[in-house]
Amino acid sequence: MDILGKRRIWYTVSIVILAVGLLFLAINGLNFGIDFQGGSLLEFRFDQEVSNQEVRNVLEKINIAPDAKIQQSDTQGIKGVLIRAQKLSPRQITDIEEGLRNEYSSTDMLRSESVGAVIGQELRTKALLALLIASVAIVLYISIRFEFRFAIVSIITLMHDVLITLGIFAMLGSEVNTPFVAALLTIIGYSINDTIVIFDRIRENMKMMHKTPFKELANQAVVDTLPRSINTSLTTLITILAIYLFGGASIKVFMLALFIGMFAGTYSSIFVASPLLVTWTNRITNKK
Amino acid sequence: MRYKKKRLLKIAFIIAIVALAVFLYFNNSINLGLDLQGGSHIVLQAQPTEERDITNQVMSGIQQVIERRVNQLGLTEPVIQREGDDRIIVELPAVDNPNEAIETIGRTAVLTFRNPAGQVLMTGEFVKNATADYDQYGRPVVSFEMNNEGANKFENITRQYMGQKIGIYLDDELLTNPTVQSVISDKGQITGYDSVEAAEKDAILIREGSLPVPVEVVQSRTVGPALGEISIRRSIIAGLVGLALVAVYMMFYYRFPGVLAAAVLIIYGVLLMGTLAGLQATLTLPGIAGLILSIGMAVDANIIIFERIKDERKSGKTLRASIDAGFKRAYKTIIDANVTTLITALILAYYTSGTVRGFAVTLGIGVLVSMFTAFFITRNVIDLFTHSNLLQSDAAFGAKRR
Numbered sequence: 006m007d008i009l010g011k012r013r014i015w016y017t018v019s020i021v022i023l024a025v026g027l028l029f030l031a032i033n034g035l036n037f038g039i040d041f042q043g044g045s046l047l048e049f050r051f052d053q054e055v056s057n058q059e060v061r062n063v064l065e066k067i068n069i070a071p072d073a074k075i076q077q078s079d080t081q082g083i084k085g086v087l088i089r090a091q092k093l094s095p096r097q098i099t100d101i102e103e104g105l106r107n108e109y110s111s112t113d114m115l116r117s118e119s120v121g122a123v124i125g126q127e128l129r130t131k132a133l134l135a136l137l138i139a140s141v142a143i144v145l146y147i148s149i150r151f152e153f154r155f156a157i158v159s160i161i162t163l164m165h166d167v168l169i170t171l172g173i174f175a176m177l178g179s180e181v182n183t184p185f186v187a188a189l190l191t192i193i194g195y196s197i198n199d200t201i202v203i204f205d206r207i208r209e210n211m212k213m214m215h216k217t218p219f220k221e222l223a224n225q226a227v228v229d230t231l232p233r234s235i236n237t238s239l240t241t242l243i244t245i246l247a248i249y250l251f252g253g254a255s256i257k258v259f260m261l262a263l264f265i266g267m268f269a270g271t272y273s274s275i276f277v278a279s280p281l282l283v284t285w286t287n288r289i290t291n292k293k
Numbered sequence: 305m306r307y308k309k310k311r312l313l314k315i316a317f318i319i320a321i322v323a324l325a326v327f328l329y330f331n332n333s334i335n336l337g338l339d340l341q342g343g344s345h346i347v348l349q350a351q352p353t354e355e356r357d358i359t360n361q362v363m364s365g366i367q368q369v370i371e372r373r374v375n376q377l378g379l380t381e382p383v384i385q386r387e388g389d390d391r392i393i394v395e396l397p398a399v400d401n402p403n404e405a406i407e408t409i410g411r412t413a414v415l416t417f418r419n420p421a422g423q424v425l426m427t428g429e430f431v432k433n434a435t436a437d438y439d440q441y442g443r444p445v446v447s448f449e450m451n452n453e454g455a456n457k458f459e460n461i462t463r464q465y466m467g468q469k470i471g472i473y474l475d476d477e478l479l480t481n482p483t484v485q486s487v488i489s490d491k492g493q494i495t496g497y498d499s500v501e502a503a504e505k506d507a508i509l510i511r512e513g514s515l516p517v518p519v520e521v522v523q524s525r526t527v528g529p530a531l532g533e534i535s536i537r538r539s540i541i542a543g544l545v546g547l548a549l550v551a552v553y554m555m556f557y558y559r560f561p562g563v564l565a566a567a568v569l570i571i572y573g574v575l576l577m578g579t580l581a582g583l584q585a586t587l588t589l590p591g592i593a594g595l596i597l598s599i600g601m602a603v604d605a606n607i608i609i610f611e612r613i614k615d616e617r618k619s620g621k622t623l624r625a626s627i628d629a630g631f632k633r634a635y636k637t638i639i640d641a642n643v644t645t646l647i648t649a650l651i652l653a654y655y656t657s658g659t660v661r662g663f664a665v666t667l668g669i670g671v672l673v674s675m676f677t678a679f680f681i682t683r684n685v686i687d688l689f690t691h692s693n694l695l696q697s698d699a700a701f702g703a704k705r706r
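From first to last, the protein sequence lines are chains P and B.
Residue numbering for the first sequence follows our numbering, starting at 6 and increasing by one per position.
Residue numbering for the second sequence follows our numbering, starting at 305 and increasing by one per position.
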């Protein structure tokens, strides 16, 4: 199987996906949740179906956040609504709860979250910082354990996976919140993990088959680790899918991000990382 | 004979580790985070006023006021701690009206002086300072000072209520109820304290109520107990379904070694729970996701090992030699691959807070336990069956397909 010989095809596939993702990022932007923007999110449960309009009527009646975004709750197996609004005070939240209870006696508050704009800004900065520091730490580790070019290629691969995830989120308009950042960091860890298993085999082949051209020994490494790559990503994607389908609504976004990222991660470790390494090495040898 | 002895030792080792994990689990049950058992996480930020900047002293005053209010709610195990220069974090277990409680906690303190009938005579804004001190007889007292306007007012009040009690209230709670013994204008003392610590406590609260610094609820997250219950139930289902699917896949692909891997996964689950309980880790919803994800990592270690053994088998080595060589080579890969995940988990745990930190912590612990499981448990379990026909067959490890 000659995977690395078809580098051009893989590069084209990645570039097209990345371009589409970036286009959506540029046009739609990301749908930041209250974690990063500030605001309030309330979820209520009822015994009966309560329509969005009925909830809005209550909000208009008590004149609190009448322009809130209202949608049916996505927690499975319950009848409820989600209300998103500007940051509300605890008093206002209590008032909304009471207002709803006056109309629908079964009203039960499942959760309420309020985040000030300042905190949102802070969380965003912290999240970016965590992403940056994690990337640098990983480059350092790989440079020590492998070679610098392996590290740079891993970082490109990693950015590839993160950008694809961001692009798809921009496309779907899914909410970007703190769990999403945690998912991105997990994707980074996983993507690197996947790439390293293949690099590890390349490193081994470099020692054992030093007469073979780099492209061939790298290709051998990718082919040899293919069963592992497929099995691992399948088992991981199975568990993620299980949590996505059966887990609660609040971790759905998290799992969706993980699913996209891990998929991209498996693809990129096989079809992006090793090809890049070959392209890089060829450039160096050609110059000599 | 020697082989049998070794085998017994290995079985004993696995049983001992599992028993320890089970013991830890039942001895220190796992704490559930606010998002699973219900509760509120509140961040309050002090807002500086024209008269007062936010200093350490001001913050400890605010913290005491908040502690008082939280304690009045009569909750079990509330957490109140300072964060940074001007913030206080409060964590409450589930209450009936969480947002009402949050509002009460975040209210600006009001100090009032009231007559025996409960009527407000004067508010705290006229108090300039209050400190704990000893009087001339060496008794602990609270010394207080009034500003100019306050001195006039207080002189009239103390004259009018001579010999009667004047209650000093913070919000609606009585701090102390001294009897007026003389006319006081700008400086006075409150006696009747058992210790200077008790006096200090009231002095802080009087200061806080007299020059209130408003606090703003900059962040609050409340989860009702109902949602927590739904989350736990769903997570358990998700975890079991995920585990079962992975086990079936492993058995299908790797045959008998896959069965062993499934057994190792169950042992991994037990060890992980035991470790979490032993470390007194708090389990949050993202934390559960981290756990389920670490199942994937644990399986991965087994897959890497099996693939290596398969490669060695293909190159014509005996089973024993293949297992030895396979493990030896897999170790390095597993360590390199997992260290990077550990790095991200550590950084996440350091730079984030709340539920995401829960995720990072459980993921980190999960990765460590999975490495231990791969290196010790999988190794011993495979060794136990080295001589059985089940591992000798070509189909084992999926080696038949070429």
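Ideal placement from N, C-alpha and C gives every residue a C-beta, glycine not left out.
- In chain order, Gln341, Gly342 and Ala398 place their CB closer than 8 Å to the CB of Pro529(B), counting only its own chain and leaving out the 5 sequence neighbours on each side.
- Per the coordinates, the alpha-carbon of Leu115(P) lies some 34 Å from the alpha-carbon of Leu646(B).
- Ranked by Cα distance from Val55(P), the first of Leu105(P), Asn210(P), Ile265(P) and Ile14(P) is Leu105(P).
- Between the alpha carbons of Ser447(B) and Glu453(B) lies a gap of roughly 18 Å.
- Within chain B, no C-beta atom comes nearer than 8 Å to that of Glu152(P); the closest sits roughly 13 Å away.
- Under the DSSP definition of a beta bridge, Ile75(P) partners with Ile88(P).
- Residue environment analysis places Gly388(B) among the exposed positions, since fewer than 16 neighbouring C-beta atoms fall within 10 angstroms of its C-beta.
- Against chain P, the CB of Lys614(B) has a partner CB under 9 Å away; the residue lies at that interface.
- For Tyr438(B), the enclosing beta strand (DSSP E) begins and ends at Val431 to Tyr438.
- Under the 10 Å beta carbon count, Gln97(P) is surrounded by 16 or more other beta carbons and is classified as buried.
- Listed by position along chain B, the residues whose Cβ is nearer than 9 Å to that of Glu65(P) form an empty set, because the closest Cβ is around 20 Å away.
- In the three-state DSSP reduction, Phe37(P) falls in the strand class (E or B).
- Under the three-state reduction of DSSP, Tyr473(B) is assigned to strand.
- The Cβ atoms of Ser364(B) and Gly428(B) lie no closer than 9 Å to each other.
- Chain-ordered, the chain P residues with CB closer than 7 Å to the CB of Ala641(B) read Asn198, Ile201 and Val202.
- For Ala142(P), the chain B residues whose Cβ falls inside 7 Å of its Cβ are Ile647 and Ile651, in order along the chain.
- Listed in chain order, the beta strand (DSSP E) elements of length 3 or more contained wholly in the region 321–368 of chain B are 343–350.
- Excluding sequence positions up to five before and after Ala625(B), its CB lies within less than 8 Å of the CB of Glu616, all in the same chain and listed in chain order.
- Within the region 176–197 of chain P, the residues whose Cβ lies closer than 8 Å to any Cβ of chain B are, in chain order, Thr183, Pro184, Val186, Ala187, Leu190, Thr191, Ile193, Gly194, Tyr195 and Ile197.
- Counting only runs of 4 or more residues that sit fully inside the region 441–519 of chain B, the alpha helix (DSSP H) segments are 452–464 and 500–514, in chain order.
- Out of Ser238(P), Asn287(P), Pro71(P) and Arg206(P), the CA that lies nearest to the CA of Phe219(P) is found in Asn287(P).
- Along the region 105–135 of chain P, going in chain order, the ones with a CB nearer than 7 Å to a CB of chain B are Asp113, Met114, Leu115, Arg116, Ser117, Glu118, Ser119, Val120, Gly121, Val123, Ile124, Lys131, Leu134 and Ala135.
- Using a CB distance below 7 Å, the part of the region 517–533 of chain B facing chain P consists of Val521, Val522, Gln523, Ser524, Arg525, Thr526, Val527, Gly528, Ala530 and Leu531, ordered along the chain.
- Listed along the chain, the chain B residues whose CB falls inside 7 Å of the CB of Leu239(P) are Tyr553.
- By the C-beta density criterion, Arg463(B) is exposed, having fewer than 16 other C-beta atoms within 10 angstroms.
- Interface residue (Cβ-Cβ distance to chain B less than 9 Å): Phe251(P) is classified as such.
- Taking a 10 Å sphere around the C-beta of Thr241(P), we find 16 or more other C-beta atoms and assign the residue as buried.
- The Cβ atoms of Phe663(B) and Ala187(P) sit closer than 9 Å to each other.
- Here DSSP, grouped into helix, strand and coil, assigns Pro232(P) to helix.
- Ile686(B) sits in a helix when the DSSP states are folded into three classes.
- With a contact defined as Cβ atoms closer than 8 Å, Arg525(B) and His345(B) qualify at about 5 Å.
- Any Cβ of chain B closer than 9 Å to the Cβ of Asp79(P) would place that residue at the interface, and such an atom is absent.
- Taking 9 Å as the cut-off, the beta carbon of Ile203(P) is found closer than this to the beta carbon of Ile275(P).
- The beta carbon of Gly492(B) lies closer than 7 Å to those of Phe448 in the same chain, with the five residues before and after it left out.
- The continuous beta strand (DSSP E) containing Leu115(P) extends over residues Asp113 to Val120.
- Restricting attention to Ala226(P), Ile197(P) and Met164(P), the CA atom closest to the CA of Leu9(P) is found in Ala226(P).
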